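Down below is the structure, laid out as structure tokens.
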Amino acid sequence: MRSILTIILNDLQIFFSQRGNLPGLLVIPVLLTLVVGWSIGQIGGGGPTRLRVDLIDLDQSGMSAQLIEDLRAANDTLVLCPLDNDAEDFCRLDDEPLPLERAIERARTGRTSALIVIPAGYATALENFERVVIDYYSLSDPLQPGLVLQSLNAVLQRASTASMIPGVAGALLDNVISAAQLPPLEGETRDGFLRALYLRSQQLLTERPSPVSFRVADSDGSSGSVLDNGFSQSAPGMGSLYVMFTVLGGMSVLLRERRQWTLQRLMALPITRAQILGAKIGVYFTLGIVQYAIVFAVGAAVGMEFGSSPIAFLAVMAAFVLCITALTFALAPWIKSEGQANGLVLLLSLSLAPLGGAWWPLEIVPEFMQTIGHISPVAWAMDAFHDLILYNGGFRDVLPEVGVLLATAAVLFAVGIRGFRYE
Amino acid sequence: MQTMVETRNLRKTYSRPDGSTIEAVKGVNLEIQQGEIFSLLGPNGAGKTTTISMISGLVEPTEGDATIGGFSITKQSMEAKRLMGFVPQEIALYPELSARQNLAFFGRMYGMGGKALRRRVDELLEFVDLADRQNDRIDTFSGGMKRRVNIAAGLLNSPPLVYMDEPTVGIDPQNRRRVLDTVKLLRDEHNMTVLYTTHLMEEAQELSDRVAIMDHGEIIAMGTQDELTQQVGEEDRLEFTIGAQEIAEAVFERIQGETPGVTRILFNPPEQLDEDSSVFAPALLTVFAKRGRTALPQILQELDSAGVEIQSVAVREPDLEAVFLALTGRALRD
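From first to last, the protein sequence lines are chains A and B. Just so you know, the working numbering puts 421 at position 421 of the first sequence, and the rest follows in order with no gaps. Quick note, the working numbering runs 423 ahead of the 1-based positions in the second sequence.
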């Protein structure tokens with residue numbers, strides 16, 4: 001173990017002693033993270049284009065169904081879980097039911113943007129012009145209502161209006177009858193009249209387009225939260241891109257070490273080949289983590305959120321860096337010159353990073369491109385980072401992505417270790 | 424005397440991309456005694472580096488094994504490697520680090536540390552006369568200075584055995600002299616065993632207690648210098664450098680038949696340097712003769728009468744070059 005650490009420290013010392021490495025490790029990634037983050041923030045593309053909202057309908061009535069329909073119409077970015085869950089399990093339900101307790105827990109931990117609970121008796125209360133309480137759970141500031149609460153308010157306003165019309169009309173009718181000294185309407189006749197009035201008002205409100213709708217709009221650039229959203233895309237994106245640049249650059253270093261015979265000199269020392277290989281893997285893994293740390297430190301400095309699970313965040317970072325390290329070792333045996341290695345680093349980084357959503361969120365590209373994008377390990381890392389940053393996910397939420405990255409790393413390491421050229 | 428290195432039927436075969444194979448080393452058997460300088464002498468491509476790479480554990484033998492101080496390099500490689508230092512032909516140092524940083528790193532890899540390592544690095548920097556440049560980066564050093572640090576890195580663990588693979592390649596005569604003196608010092612003052620590879624006959628002659636001559640992956644002769652030169656008898660070697668000129672077979676027959684003491688003649692014709700060039704390397708005529716100086720005037724006369732333009736003449740007494748020539752029909756530098 002001591003030999004491995006000695007080699008890792010020596011190689012890191014060499015890496016950091018070369019001033020030419022610093023712009024690629026520090027200056028350019030930091031600048032790009034800031035510029036891209038700010039730019040994405042300006043166009044409002046950094047945040048999620050869909051919001052995960054849990055909805056529990058305890059009433060199961062036609063009126064509660066109407067409320068849900070209105071909610072969908074008011075804001076098409078809302079994905080009402082579990083009703084509107086898709087084949088890719090956007091709702092992150094893992095094929096399990098969503099009882100109230102679980103939904104509350106999800107909202108409290110930020111895994112969903114909000115939870116809306118339609119109580120039992122909702123329809124009856126509206127019909128009878130009675131008070132009804134809809135529970136709303138969210139981590140967002142109630143004084144600065146977000147998209148979900150604003151949409152809900154708008155929809156409830158319509159429902160209240162429909163409920164209010166027969167109530168007001170009933171009171172008005174009673175006043176008119178009293179003033180005109182007409183025989184009072186009682187019993188079923190009065191109820192029937194008011195029900196007809198309610199149904200008509202409902203019909204009219206349903207047929208008319210919703211007076212309020214919400215969409216993700218361009219920002220005027222004055223909002224701090226929009227800026228944060230830009231960095232929640234640019235920091236993991238640029239971090240992943242420069243991890244690829246830095247770690248894949250190891251291909252030419254390994255080639256240079258063979259050419260200048262320092263690798264062979266190590267082999268003549270009383271250490272095993274596995275120790276040498278382990279140390280070299282350790283070097284590039286460490287550099288990848290350092291690269292991520294630099295970019296995320298910039299993100300933290302400008303107020304980027306990291307979610308609530310630092311362990312899950314570290315796991316995603318480690319899995320992605322390990323995957324790219326494995327790719328480096330899988331390709332290294334085939335490289336014949338430093339020029340070839342440098343070309344391949346550029347080609348791979350500049351194709352896999354945008355393909356995987358490092359430059360822009362994959363959600364904005366067509367579905368087939370999203371599927372193709374997942375050829376790139378960057379896509380899996382970005383999915384996981386978004387789960388953690390934007391949806392406050394936990395370790396369990398990113399397990400599939402971490403699993404894919406680690407499995408890919410295992411396959412690539414098997415290829416790389418088998419083909420590694422010591423001689 | 425104790426055996427330090429022993430190889431048995433050491434063989435290395437490489438596969439070519441087209442599927443064919445090339446046998447770089449064909450069953451080498453060696454025995455090197457403790458405290459001797461043993462040279463592997465042979466032209467470039469003879470298999471010297473592959474042999475030394477197998478003995479030092481860099482390259483796995485296709486067949487056979489080597490033992491270092493009784494430890495098998497294939498089965499007990501850690502124990503074997505602890506007994507040896509390695510000075511490769513290339514400058515196997517980190518150019519971005521200073522001489523001291525390089526030595527300290529390789530020292531730590533031998534498990535050294537603290538004051539003992541500092542002291543050892545100081546000693547070696549003094550030994551190779553680079554104490555004043557110890558903090559300079561290797562990439563600012565001259566070729567000779569790099570060679571000296573390269574040697575120092577192979578001596579960090581004070582090994583009883585050190586391999587040196589052509590350590591004088593590409594350096595000026597002054598630094599070369601310093602390297603050769605260092606090698607002798609290792610044997611004479613530190614009782615080290617040195618396995619030294621070279622393609623330069625003069626180095627092997629100056630340094631070696633025993634020499635193995637390699638060609639085409641095989642050891643074609645082995646022994647002390649006296650034992651080897653006795654194989655070619657007491658003949659002198661007369662070397663005539665001739666311009667880009669062919670010589671008729673009849674001239675050779677006349678020299679061999681009519682000049683007393685001449686035993687045989689080798690002729691390396693002029694060689695076109697490249698396909699598109701009209702420039703030729705000069706031809707070399709080598710005449711083996713007892714009492715070569717006596718035979719020289721008559722040979723010169725024969726060549727002159729045949730119209731051969733002689734550029735230079737050298738009379739060489741029996742040496743390792745002659746042995747190689749006698750065994751292979753080629754000069755070492757070919």
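A virtual CB, placed ideally from N, CA and C, is assigned to each residue, including glycine. This one's a predicted model, so the numbers in the text were calculated from it and none came from an experiment.
- Interface residue (Cβ-Cβ distance to chain A less than 8 Å): L516/B is classified as such.
- Linking R610/B to I460/B through their CA atoms gives a straight-line distance of about 7 Å.
- By alpha-carbon distance to A162/A, the top candidate from M267/A, A154/A, R200/A is R200/A.
- Between the stretch 592-609 of chain B and the stretch 436-453 of chain B, the count of C-beta pairs closer than 8 Å stays below three; the two stretches do not touch.
- In terms of CA proximity to L355/A, A381/A leads the group E338/A, W334/A, Q340/A, A381/A.
- Listed along chain B are F528, each with a C-beta nearer than 7 Å to that of N10/A.
- DSSP, read as helix, strand or coil, puts G534/B in coil.
- Secondary structure within the stretch 666-740 of chain B: the beta strand (DSSP E) runs of 3 or more consecutive residues, fully enclosed, are 685-691, 706-712, 733-739 (chain order).
- Taking 7 Å as the Cβ-Cβ cut-off, the stretch 481-509 of chain B approaches chain A at L481, V482, M501, K504, R505, F509, given in chain order.
- By the C-beta criterion, the stretch 335-344 of chain A is judged to be in contact with the stretch 240-259 of chain A, since at least 3 inter-stretch pairs fall below 8 Å.
- The C-alpha of L331/A is placed about 21 Å away from the C-alpha of G24/A.
- With a beta-carbon spacing of about 5 Å, I14/A and E519/B fall inside the 8 Å limit used to define contacts.
- Bounds of the beta strand (DSSP E) holding M637/B are 633-638.
- When secondary structure is reduced to three states using DSSP, A489/B falls in the strand class.
- Using a C-beta cut-off of 8 Å, the stretch 629-640 of chain B makes contact with the stretch 462-471 of chain B, since at least three inter-stretch Cβ pairs fall below that distance.
- Contact annotation: in the stretch 280-294 of chain A, no residue has its CB less than 7 Å from a CB in chain B.
- M568/B: member of the alpha helix (DSSP H) spanning 566-576, first to last residue.
- Around the beta-carbon of K471/B, 16 or more other beta-carbon atoms lie within 10 Å, marking it buried.
- Think of a sphere of 7 Å around the beta carbon of E519/B: the chain A residues whose beta carbon falls inside it are I14, S17, Q18, in chain order.
- Within 10 angstroms of the beta-carbon of K538/B lie fewer than 16 other beta-carbons, which makes it exposed.
- Cβ atoms of T620/B and I475/B come within 8 Å of each other, at about 6 Å.
- Looking from the CA of T262/A, the closest CA among R542/B, A576/B, Q557/B, D545/B belongs to A576/B.
- Take the alpha-carbon of I104/A and the one of G187/A: they are about 42 Å apart.
- In this structure, the alpha-carbon of R531/B lies about 23 Å from that of G492/B.
- None of the residues of the stretch 651-662 of chain B has a beta carbon lying less than 7 Å from any beta carbon of chain A.
- I665/B is not a Cβ neighbour of Q679/B, given a cutoff of 8 Å.
- Distances from the CA of R556/B to each of L540/B, L584/B, S521/B were compared; the closest alpha carbon is that of S521/B.
- Residues of chain B whose Cβ lies closer than 7 Å to the Cβ of M267/A are, in chain order, G480, L481.
- For V290/A, the secondary structure class from DSSP, reduced to helix, strand or coil, is helix.
- With a 10 Å radius around the Cβ and a threshold of 16 neighbouring Cβ atoms, D604/B comes out exposed.
- Closest in C-alpha terms to V551/B, from the list I561/B, V572/B, S565/B, comes V572/B.
- In this model, E363/A and Q370/A are separated by some 7 Å (Cα to Cα).
- Contact between the stretch 503-513 of chain B and the stretch 258-276 of chain A is present: three or more C-beta pairs spanning the two stretches fall below 8 Å.
- In this chain, the alpha helix (DSSP H) harbouring K504/B covers 500-505.
- Within the stretch 232-248 of chain A, contact with chain B at the beta-carbon level (separation under 9 Å) is assigned to no residue.
- Across the structure, L584/B and M427/B are spaced so that their CA atoms are roughly 8 Å apart.
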